[in-house]
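For the sequence shown, my numbering puts the final residue at 107, and the numbers step up evenly by one.
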Amino acid sequence: MEKWILDELKKSQGKQGITIQKVPHSFTTNSVQLTFDKGAVLPIHTTPVDVLFYVIKGKGKLTVGSETSECEEGSYMESPKDIPHGWENVGDDILKILVIKLF
Numbered sequence: 005m006e007k008w009i010l011d012e013l014k015k016s017q018g019k020q021g022i023t024i025q026k027v028p029h030s031f032t033t034n035s036v037q038l039t040f041d042k043g044a045v046l047p048i049h050t051t052p053v054d055v056l057f058y059v060i061k062g063k064g065k066l067t068v069g070s071e072t073s074e075c076e077e078g079s080y081m082e083s084p085k086d087i088p089h090g091w092e093n094v095g096d097d098i099l100k101i102l103v104i105k106l107f
């Protein structure tokens with residue numbers, strides 16, 4: 005069994021206002037914790053795998069394909085592979101999400 009404390013993982017800077025903390029890779033998933041500064045945006049993009057999102061803290065707006073939804077702490081969402089998706093922090097504080105890519 006492996007255990008990681010997400011907030012203790014090594015941090016790297018992603019796009020403007022987004023901090024990345026990668027969980028060591030497993031055979032079937034690739035997980036990362038993203039922390040968005042207030043107002044930060046992860047532009048619309050696609051991935052070749054299905055993606056699961058879990059909001060740990062804050063409030064964000066997720067767009068998947070032609071659908072957009074505001075998501076708060078405790079929200080769990082899915083994005084099918086090859087469908088454009090992106091995030092925006094629309095809350096008054098940081099937005100922290102767990103991203104799980106399924107292989």
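Glycine included, every Cβ here is placed at the ideal spot set by N, Cα and C.
Distance from Val-55 to Lys-105 at the Cβ level is roughly 5 Å; contact confirmed, criterion being Cβ atoms closer than 8 Å. The alpha-carbon of Ser-35 is positioned some 10 Å away from that of Ile-101.
Spanning the alpha carbons of Glu-82 and Phe-57 requires a straight line of approximately 6 Å. Between Lys-61 and Glu-92, the CB-CB gap reaches or exceeds 7 Å. For Lys-14, no beta strand (DSSP E) run applies, since DSSP gives it neither H nor E. Thr-39 is classed as buried because its beta carbon has at least 16 other beta carbons within 10 Å across all chains shown.
For Met-5, there is no enclosing beta strand (DSSP E), as DSSP gives it neither H nor E. For the options Lys-19, Glu-6, Leu-10, Thr-32, the alpha carbon positioned closest to that of Gly-90 is the one of Lys-19.
In this structure, DSSP gives Thr-39 an extended state, which the three-state scheme calls strand. Comparing alpha-carbon positions, the option among Ile-22, Pro-28, Gln-17, Gly-21 lying closest to Leu-10 turns out to be Pro-28.
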